[in-house]
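Engineer: I am attaching a structure below and will ask some questions about it afterwards.
Protein chains in written order, with my numbering: chain A, 1 to 115; chain B, 1 to 504.
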């Protein structure tokens, strides 16, 4: 049930992100990339399987956690991906602002002199 | 011996860090950057020699056994790619000494160049898919900065397109990674290759393969995804264009070859058949795009696309000879394409423009430069005895052997059109008299470059030109090396066994 709901959430985020990417406004481009990054993070989280309420902790005296337990690897992956996408998003915000200032347009459709 | 695997990553990052310490001292940064690039080349050559001598090298970082930790792997293909990255790195650093202005230097040009090299070498050496994603991002971040550094109009506009499409590609890559992890529960390439053979859900595996194809296809500038490349590669300083042209798309090609020889070999008829169609279309659209252009660097940018088609063609045919042809082609292309971009930079220094209609008479003015352009240009078009001839010969022969006559004919036709486009540059920029309406610098007796500047411009170009001639004349050892690398790639069991140990 939870997985089905998450699937719809992720699908919605992807759709919204791509829709925003296709808009001519630079700000919406940045928002779109942010939405896509979050959609991917949730996708990794759900694709690896949801195991609520079972932390991967090892009981005293045991050598491995009792199954079923939540897989910690995707969480580590997402943490890395969040850090990277945050840095990249910060860069692209500055880039878009500089581009709009230098070129004097705030419409991506008008940026076609290098094509 | 395992240390050799770490050095191509550690040396550039150390160089970058030490360069940053000397933030205000341009001269020190230049010396350090050159020394660092030379050391990188030395370590890469040592790595190739070691892999050649002892077979695949594997390092489990932090001593975590294979599927749990991060693994660094160097097979022959990785080692060859690392050497090429180091060669181009050194050539471009030396070239940058004379062409990068003080402002760019003051804002960390050299550190970022080395971080780019670290990202590229990391991509070639990692044996873990998520780690590959991280190296991709390291490389992309450095390339974003290098592309936008200087903040000129064209640069910023090119950067917006480049950054956006590459980030979309990263999103695809990461989605594919997540789904792959959900399916096989591992991100180690060798482990995933073993598990993918056992999951037995061909539809899902093919879907995943397509996601990887799209992600790496954008980075490699394959047919429907190449638009960012000609929109951005001609905007930054020539040294940056040259290193991008030589290395970045090739990282995409490397990843494609790695993934489609190791992971997705279950349904070769479908996946590699699709790649074959894409490779043909990539060649044709790239070369047709080049014909329509009238600016030196834009023409060269479109040719990158058509050349990537050749490299992927070898992967698609999927025989030892074809894959060896691909590897040979990559070796040839990286050297030649960088050299052509470097030549365009000297033209820009001499005449202040790269519009073909405003150039002319360069053969009279700088015969050495004309020769240094002509050698890689003819090599790119595939004239014997230069390296491009052998590369194309191998691929066409592989195409004929597998009975793929259409792709072989396409490869030959595109070669002819490449020759046309190179002679167009030659005829308009080098031959003929100086243009009448040039005005400005060209009319006022042109720019005289000081001796040190000429040395740092011509030294890397001459070295690269000699390399392409050398590979052409001594093709046999290079071909044998490519064939060995191809045979390693085509037998994933070697890779799996090397990484996972005996039980694989």
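We put the beta carbon where it would ideally sit given N, CA and C, even for glycine. Quick caveat: nothing in here was measured; it's all calculated off a predicted structure.
1. Residues bridged to residue 60 (chain B) by DSSP?
2. Enumerate in chain order the residues of its own chain whose CB-to-CB distance from residue 120 (chain B) is below 7 Å, with the five nearest sequence positions on each side excluded.
3. Looking at C-alpha atoms only, which residue of B:68, B:102 and B:465 is the closest neighbour of residue 24 (chain B)?
4. Pick helix, strand or coil for residue 188 (chain B), following the three-state DSSP scheme.
5. Does residue 126 (chain B) come out as helix, strand or coil in the three-state DSSP assignment?
6. At which residue ranges does the region 226 to 267 of chain B contain complete alpha helix (DSSP H) runs of 4 or more residues, listed in the order of the chain?
7. Are the C-beta atoms of residue 87 (chain A) and some chain B residue less than 9 Å apart?
8. In its own chain, which residues sit with a C-beta less than 8 Å from the C-beta of residue 343 (chain B), not counting the 5 before and 5 after it?
9. Quick check: is the beta carbon of residue 91 (chain A) nearer than 9 Å to any beta carbon in chain B?
10. Would you say residue 113 (chain A) lies against chain B (beta-carbon separation less than 9 Å)?
11. Between which residues of its own chain and residue 118 (chain B) is the CB-CB distance below 6 Å, once the five residues before and five after are set aside?
12. Evaluate residue 94 (chain A) with the Cβ neighbour count: other Cβ atoms within 10 Å of its Cβ, from every protein chain shown; 16 or more gives buried, anything less gives exposed.
13. Quick one: which chain A residues come within Cβ less than 8 Å of residue 301 (chain B)?
14. Does any CB atom of chain A fall closer than 9 Å to the CB of residue 371 (chain B)?
15. Quick one: Cα of residue 177 (chain B) to Cα of residue 129 (chain B), how far?
16. For the alpha helix (DSSP H) that residue 421 (chain B) lies in, which residues bound it at each end?
17. For the alpha helix (DSSP H) that residue 480 (chain B) lies in, which residues bound it at each end?
18. Helix, strand or coil, according to DSSP, for residue 295 (chain B) in the structure here?
19. Would you mind reading off the limits of the alpha helix (DSSP H) that contains residue 357 (chain B)?
20. Report the CB separation of residue 259 (chain B) from residue 212 (chain B) in whole angstroms; it is logged as a contact under 8 Å.
21. Compare the beta carbon distance of residue 458 (chain B) and residue 239 (chain B) with 9 Å and say whether it is the shorter of the two.
22. Closest by CA to residue 416 (chain B), which one among B:463, B:283 and B:19?
23. Whose C-alpha, out of B:401, B:362, B:271 and B:381, is nearest the C-alpha of residue 287 (chain B)?
24. Does DSSP put residue 82 (chain B) in a helix, in a strand, or in coil?
25. Quick one: Cα of residue 444 (chain B) to Cα of residue 354 (chain B), how far?
26. Give a yes or no on whether the minimum CB-CB distance between residue 185 (chain B) and chain A is below 9 Å.
27. Could you spell out where the alpha helix (DSSP H) holding residue 52 (chain B) opens and where it closes?
28. Express the C-alpha separation of residue 464 (chain B) and residue 442 (chain B) in angstroms, rounding to a whole number.
29. Please tell me whether residue 79 (chain A) has its Cβ less than 9 Å away from any Cβ of chain B.
30. Is the beta carbon of residue 208 (chain B) sitting closer than 9 Å to the one on residue 183 (chain B)?
31. Check whether chain A comes within 9 Å of residue 230 (chain B), counting only Cβ atoms and requiring the distance to be less than that.
32. Below 8 Å on the Cβ atoms is my contact criterion, and I expect residue 3 (chain A) with residue 50 (chain A) to pass it. Report the Cβ-Cβ distance as a whole number of Å.
33. Does residue 118 (chain A) get closer than 9 Å to chain B when you measure Cβ to Cβ?
34. Listed from N- to C-terminal order along the chain, which residues in the region 147 to 163 of chain B have their beta-carbon within a distance smaller than 7 Å of any beta-carbon of chain A?
35. Tell me the residue span of the alpha helix (DSSP H) that contains residue 212 (chain B).
Structural biologist: In terms of the structure at hand:
1. The count along the second chain starts at 1 and reaches residue 60 (chain B) at position 60. The partner list for residue 60 (chain B) (beta bridge, DSSP) reads B:71.
2. Within the second chain, the letter at position 120 stands for residue 120 (chain B). If we look at residue 120 (chain B) and ignore the five residues flanking it on each side, its Cβ neighbours are 85, 139, 247 and 251.
3. Your numbering for residue 24 (chain B) matches position 24 in the second chain. Considering only alpha carbons, the answer is B:102.
4. As a first step, residue 188 (chain B) is located in the second chain; it is residue number 188 there, counting from the start. Here residue 188 (chain B) sits in strand by DSSP.
5. Position 126 of the second chain, counted from the start, is the residue given in the question as residue 126 (chain B). Looking at residue 126 (chain B) - three-state DSSP - the assignment turns out to be strand.
6. 228 to 232, 238 to 243 and 249 to 262
7. Residue mapping note: residue 87 (chain A) aligns to position 87 of the first chain, counting from 1. Closer than 9 Å: yes.
8. Start at 1 with the first residue of the second chain, and residue 343 (chain B) comes out as number 343. The answer, listed in chain order, is 369, 372, 373, 376 and 461.
9. Position 91 of the first chain, counting from 1, holds the residue named residue 91 (chain A). Taking Cβ atoms only, chain B reaches closer than 9 Å to residue 91 (chain A), which makes this a yes.
10. The sequence position of residue 113 (chain A) within the first chain is 113, counting from 1. For residue 113 (chain A), the answer is yes, since a Cβ of chain B falls inside 9 Å of its Cβ.
11. Taking the second chain and counting its residues from 1, the one referred to as residue 118 (chain B) is at position 118. Taken in chain order, the residues that qualify are 9, 12 and 13.
12. In the first chain, the residue the question calls residue 94 (chain A) occupies position 94. Residue 94 (chain A) should be labelled exposed.
13. As a position in the second chain, residue 301 (chain B) is number 301, starting the count at 1. Contacts between residue 301 (chain B) and chain A, judged by CB atoms closer than 8 Å, are missing: the closest CB pair is about 11 Å apart.
14. On the second chain, position 371 is the one that residue 371 (chain B) refers to. Not closer than 9 Å to any Cβ of chain A, the Cβ of residue 371 (chain B) fails to qualify, so no.
15. Start at 1 with the first residue of the second chain, and residue 177 (chain B) comes out as number 177. Start at 1 with the first residue of the second chain, and residue 129 (chain B) comes out as number 129. One C-alpha to the other measures close to 7 Å.
16. Residue 421 (chain B) sits at position 421 when you count from the first residue of the second chain. Its alpha helix (DSSP H) spans residues 405 to 425.
17. The residue given as residue 480 (chain B) occupies position 480 in the second chain. Taken as a continuous stretch (DSSP letters only), the alpha helix (DSSP H) holding residue 480 (chain B) covers 475 to 490.
18. Along the second chain, one-based indexing puts residue 295 (chain B) at 295. It is a strand residue.
19. In the second chain, residue 357 (chain B) corresponds to position 357, counting from 1. Run containing residue 357 (chain B): none; DSSP gives neither H nor E here.
20. Position 259 of the second chain, counted from the start, is the residue given in the question as residue 259 (chain B). Position 212 of the second chain, counted from the start, is the residue given in the question as residue 212 (chain B). Contact holds; Cβ gap of about 5 Å.
21. Indexing the second chain from 1 puts residue 458 (chain B) at position 458. Indexing the second chain from 1 puts residue 239 (chain B) at position 239. With contacts defined as CB atoms closer than 9 Å, residue 458 (chain B) and residue 239 (chain B) fail to qualify as a contacting pair.
22. For the purposes of this step, residue 416 (chain B) is identified with residue 416 of the second chain, where counting begins at 1. The candidate whose alpha carbon is nearest that of residue 416 (chain B) is B:283.
23. As a working note, residue 287 (chain B) is residue 287 in the second chain. It is B:381.
24. Within the second chain, residue 82 (chain B) is the residue found at index 82, counting from 1. DSSP places residue 82 (chain B) in helix when its eight states are reduced to three.
25. For this step, residue 444 (chain B) is matched to residue 444 along the second chain. For this step, residue 354 (chain B) is matched to residue 354 along the second chain. Because the pLDDT of residue 444 (chain B) is 44, which lies under 50, any placement of that residue in the model is unreliable, and the number read from its coordinates should be weighed accordingly. The straight-line gap from Cα to Cα measures roughly 18 Å.
26. The residue given as residue 185 (chain B) occupies position 185 in the second chain. Interface residue, yes.
27. Within the second chain, residue 52 (chain B) is the residue found at index 52, counting from 1. Taken as a continuous stretch (DSSP letters only), the alpha helix (DSSP H) holding residue 52 (chain B) covers 26 to 54.
28. Position 442 of the second chain, counting from 1, holds the residue named residue 442 (chain B). Position 464 of the second chain, counting from 1, holds the residue named residue 464 (chain B). In this prediction, residue 442 (chain B) has a pLDDT of 48, which is less than 50 and means its spatial position is unreliable; what the coordinates show is noted afterwards. Taking the straight line joining both Cα atoms gives about 28 Å.
29. In the first chain, the residue the question calls residue 79 (chain A) occupies position 79. By this cut-off, residue 79 (chain A) is not an interface position.
30. Residue 208 (chain B) sits at position 208 when you count from the first residue of the second chain. Residue 183 (chain B) sits at position 183 when you count from the first residue of the second chain. In this structure, residue 183 (chain B) lies closer than 9 Å to residue 208 (chain B) by Cβ.
31. As a first step, residue 230 (chain B) is located in the second chain; it is residue number 230 there, counting from the start. Yes - at least one Cβ of chain A is within 9 Å of the one on residue 230 (chain B).
32. On the first chain, residue 3 (chain A) is found 3 positions in, with the first residue counted as 1. On the first chain, residue 50 (chain A) is found 50 positions in, with the first residue counted as 1. At roughly 6 Å, the Cβ-Cβ gap stays under 8 Å, so residue 3 (chain A) and residue 50 (chain A) are in contact.
33. Nothing about residue 118 (chain A) can be read from this structure; chain A reaches only from 1 to 115.
34. 148, 151, 153, 154, 156, 157, 158, 159, 160 and 163
35. On the second chain, residue 212 (chain B) is found 212 positions in, with the first residue counted as 1. Looking at the DSSP string, the run of the alpha helix (DSSP H) that includes residue 212 (chain B) is 202 to 220.
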